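A short write-up of the structure that comes next.
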Ligand SMILES: Cc1cc2nc3c(=O)[nH]c(=O)nc-3n(C[C@H](O)[C@H](O)[C@H](O)COP(=O)(O)OP(=O)(O)OC[C@H]3O[C@@H](n4cnc5c(N)ncnc54)[C@H](O)[C@@H]3O)c2cc1C
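In the working numbering, the protein residues as written are 3 to 440.
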C-alpha cells in the first residue's frame with residue numbers, strides 16, 4: 003500500500019481543484035485494510051484515471067483510492083469473455099482481446115478509462131444505438147463493500163444496477179467479467195459525409211441507424227452555428243490493418259504558462275479546416291477509430307489554467323428545436339466549442355442513474371473563461387428539464403442538486419439501494435456531497 007501527501011487533483015476539465023489524500027493499493031487485502039482503517043468523516047472514493055471531467059472522482063478532505071494497480075487481464079477465447087481487474091484500462095483490454103480476434107462491444111471515445119470508471123459512469127460509445135451502454139456486456143462485478151465484505155453481483159441483483167452508473171458510491175469494483183464480440187479484423191470500415199446543416203446531419207444519422215454499427219457526427223459549434231459537420235459511419239471490417247505504437251504514445255501538450263489557446267478565432271479557424279478535411283473511406287484501425295484524441299496526451303491543457311467544461315445532455319427525438327435555442331444562446335455569448343459531437347442513442351439500461359436513453363445526445367466543450375457561460379447554462383438546464391432531458395453526471399461539476407430528481411426519476415430507488423449497501427456513508431465524493439447523493 004502506498005500513501006501520498008495530500009495533493010491538488012482535478013478532473014479532466016481542470017475546472018475544479020480538490021485537496022485529498024491519495025492511497026494506492028495493489029491487492030484486495032490492502033484495499034480491505036484501507037476500508038477497515040478509515041477514520042475520516044469525508045470517507046473514501048475509488049478512482050481510475052481521472053478522465054471524468056468534473057468532480058465525480060474528487061474527494062476534498064477525504065481519501066482517493068487509486069485502483070490502476072489492479073490490472074490483471076484473463077481472456078477466455080472459448081467463452082468469448084474476459085475477467086479483468088477494476089484498474090484495467092479499455093485500451094489494455096482491447097489490445098489483449100484483439101490478439102484473439104475479440105473486442106469489447108462498447109468502448110468510449112478514449113481508451114484511458116478503467117473498468118471501474120467505465121461501470122461507475124455506465125459509459126456509452128458510437129455503437130449505443132445497436133449495443134446499448136457498457137453494462138450490457140458485463141456479466142459479473144466483484145465489489146468490495148463498505149463492511150469489508152466481498153460480493154459477486156450479476157444483472158439479477160439490484161445492487162448490480164445501483165453500481166452501474168453509481169459514481170463509485172456503492173463500493174470498490176475489484177473485478178469484472180465482460181462478454182467480448184468476435185471480429186474478422188482489427189479495423190472498422192468507415193464512410194464519412196460532409197453535411198451543410200443540422201437538419202441534414204439529423205436526417206443522415208436517423209437513416210444510418212440500421213445499416214451501421216457505429217454512428218457519430220462532429221458538429222461545428224462556432225461562427226454562425228448552422229450545425230454543419232461531418233457524419234462518420236462504420237461497421238467492423240474484414241480487412242486487417244497495421245496498428246501503430248503500443249500505447250498510442252503521441253505528442254504531449256505542454257502547459258504554456260497556463261494560457262488558454264481556445265478562442266472564438268482559433269476554434270473557427272480549426273473548425274473550418276476540420277470541415278474541409280478529406281473524408282475517410284475504407285478501413286481504419288479500431289483504436290484509431292474508437293479513440294481519435296488518444297494520440298495527443300494532455301490535450302485538455304489547451305484550455306489553460308481556467309480549464310473547461312464539457313456539457314453533455316440527452317433529449318427525446320422530436321425535441322430538436324432545443325438545439326436552436328442552445329445555439330442562439332451560445333452565439334450570443336460569442337462562445338465557440340472546440341469539440342461538438344452529436345449522436346443518436348438507442349435503448350436505456352436498467353440502471354437508475356444511467357445517462358443514455360433513446361434520443362439525441364449532444365456534447366460540447368467550452369472554456370470556463372467565456373463570460374456569461376455559467377448563467378446561460380443554468381437557464382438552459384431549466385429548459386432541458388422542462389423538455390424531459392438530462393445531463394451526463396460524469397462530465398458535470400456545476401448542475402444544481404434540485405434538478406436531479408427530474409433528470410433522473412429513479413434517483414430515490416438508487417438512494418435506497420445505496421443506503422442499504424453503505425449505511426455509514428463511507429463512499430463519498432465532492433460531486434456526491436454537492437448533489438446530495440451521500
Ligand atoms: C477524451 C475523453 C473521451 C471520453 N469519451 C467518452 C465516451 O465516448 N462515452 C462515455 O460514456 N464517456 C466518455 N468519457 C468519460 C469517461 O469515460 C468517464 O469519465 C470514465 O468514468 C472515466 O474513467 P476513469 O477510469 O478515468 O475514472 P475516474 O474519472 O477516475 O472516476 C470516474 C468515476 O468512477 C468511479 N470509479 C473509478 N474506479 C472505480 C472502481 N474501481 N470502483 C468503483 N468506482 C470507481 C469514481 O469513483 C468516479 O465516480 C470520455 C472522457 C474523455 C477524457
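Glycine included, C-beta positions come from ideal geometry on N, C-alpha and C. Treat the numbers as computed from the prediction; the structure is a model and nothing was measured.
I'd like to know whether the C-beta atoms of residue i and residue j end up nearer to each other than 7 Å.
{"i": "residue 202", "j": "residue 433", "result": "no"}
{"i": "residue 103", "j": "residue 185", "result": "yes"}
{"i": "residue 115", "j": "residue 92", "result": "yes"}
{"i": "residue 167", "j": "residue 200", "result": "no"}
{"i": "residue 449", "j": "residue 262", "result": "Nothing about residue 449 can be reported from this structure: the residues present for the chain run from 3 to 440 only."}
{"i": "residue 241", "j": "residue 285", "result": "yes"}
{"i": "residue 179", "j": "residue 141", "result": "yes"}
{"i": "residue 67", "j": "residue 25", "result": "yes"}
{"i": "residue 344", "j": "residue 148", "result": "no"}
{"i": "residue 130", "j": "residue 357", "result": "no"}
{"i": "residue 121", "j": "residue 175", "result": "yes"}
{"i": "residue 383", "j": "residue 364", "result": "no"}
{"i": "residue 306", "j": "residue 260", "result": "yes"}
{"i": "residue 40", "j": "residue 309", "result": "no"}
{"i": "residue 351", "j": "residue 139", "result": "no"}
{"i": "residue 420", "j": "residue 98", "result": "no"}
{"i": "residue 86", "j": "residue 117", "result": "yes"}
{"i": "residue 227", "j": "residue 378", "result": "no"}
{"i": "residue 170", "j": "residue 47", "result": "yes"}
{"i": "residue 270", "j": "residue 224", "result": "yes"}
{"i": "residue 1", "j": "residue 423", "result": "With the chain represented from 3 up to 440, any question about residue 1 goes unanswered, as that position is not in the structure."}
{"i": "residue 132", "j": "residue 194", "result": "no"}
{"i": "residue 13", "j": "residue 43", "result": "no"}
{"i": "residue 239", "j": "residue 189", "result": "yes"}
{"i": "residue 146", "j": "residue 33", "result": "yes"}
{"i": "residue 69", "j": "residue 45", "result": "no"}
{"i": "residue 124", "j": "residue 353", "result": "yes"}
Do residue i and ligand 1 come close, with the Cβ less than 6 Å from some heavy atom?
{"i": "residue 125", "result": "yes"}
{"i": "residue 79", "result": "no"}
{"i": "residue 53", "result": "yes"}
{"i": "residue 181", "result": "no"}
{"i": "residue 3", "result": "no"}
{"i": "residue 419", "result": "no"}
{"i": "residue 217", "result": "no"}
{"i": "residue 112", "result": "yes"}
{"i": "residue 49", "result": "yes"}
{"i": "residue 269", "result": "no"}
{"i": "residue 14", "result": "yes"}
{"i": "residue 58", "result": "yes"}
{"i": "residue 309", "result": "no"}
{"i": "residue 295", "result": "yes"}
{"i": "residue 69", "result": "yes"}
{"i": "residue 201", "result": "no"}
{"i": "residue 122", "result": "yes"}
{"i": "residue 304", "result": "no"}
{"i": "residue 116", "result": "yes"}
{"i": "residue 393", "result": "no"}
{"i": "residue 169", "result": "yes"}
{"i": "residue 204", "result": "no"}
{"i": "residue 88", "result": "yes"}
Starting from residue i, follow the beta strand (DSSP E) in both directions and report where the run begins and ends.
{"i": "residue 419", "result": "Premise fails: residue 419 lies in the alpha helix (DSSP H), 413 to 423, not in any beta strand (DSSP E)."}
{"i": "residue 124", "result": "Residue 124 -> no beta strand (DSSP E), and no H or E assigned at all."}
{"i": "residue 509", "result": "Residue 509 lies beyond the stretch modelled for the chain, which goes from 3 to 440, so this question has no answer here."}
{"i": "residue 276", "result": "Taken as a continuous stretch (DSSP letters only), residue 276 belongs to no beta strand (DSSP E), being part of the alpha helix (DSSP H) at 266 to 278."}
{"i": "residue 287", "result": "283 to 287"}
{"i": "residue 366", "result": "361 to 369"}
{"i": "residue 346", "result": "342 to 347"}
{"i": "residue 395", "result": "Careful: residue 395 lies outside any beta strand (DSSP E) and carries neither H nor E."}
{"i": "residue 194", "result": "189 to 197"}
{"i": "residue 46", "result": "46 to 49"}
{"i": "residue 76", "result": "75 to 78"}
Residue i lies in the alpha helix (DSSP H); which residues open and close that run?
{"i": "residue 156", "result": "Element bounds for residue 156: n/a, residue is neither H nor E."}
{"i": "residue 9", "result": "That residue, residue 9, is in no alpha helix (DSSP H); its beta strand (DSSP E) goes 4 to 12."}
{"i": "residue 100", "result": "92 to 100"}
{"i": "residue 333", "result": "323 to 334"}
{"i": "residue 151", "result": "From DSSP, residue 151 is part of no alpha helix (DSSP H); its letter is neither H nor E."}
{"i": "residue 57", "result": "Looking at the DSSP string, residue 57 is not in any alpha helix (DSSP H), and its letter there is neither H nor E."}
{"i": "residue 312", "result": "Unbroken run through residue 312 is the beta strand (DSSP E), 310 to 317; no alpha helix (DSSP H)."}
{"i": "residue 143", "result": "Here residue 143 belongs to no alpha helix (DSSP H); instead the beta strand (DSSP E) covers 140 to 146."}
{"i": "residue 28", "result": "Note, residue 28: premise wrong, no alpha helix (DSSP H); not H, not E."}
{"i": "residue 383", "result": "375 to 388"}
For this session: Count the CB pairs spanning the segment 11 to 29 and the segment 49 to 64 that are closer than 8 Å, and state whether there are at least three.
Result: yes
For this session: Please determine if the segment 397 to 404 and the segment 333 to 348 are in contact, where contact requires at least 3 C-beta pairs separated by less than 8 Å.
Result: no
For this session: Count the CB pairs spanning the segment 386 to 395 and the segment 312 to 325 that are closer than 8 Å, and state whether there are at least three.
Result: yes
Exercise. So, do the segment 416 to 428 and the segment 49 to 58 have three or more beta carbon pairs nearer to each other than 8 Å?
Worked result: no
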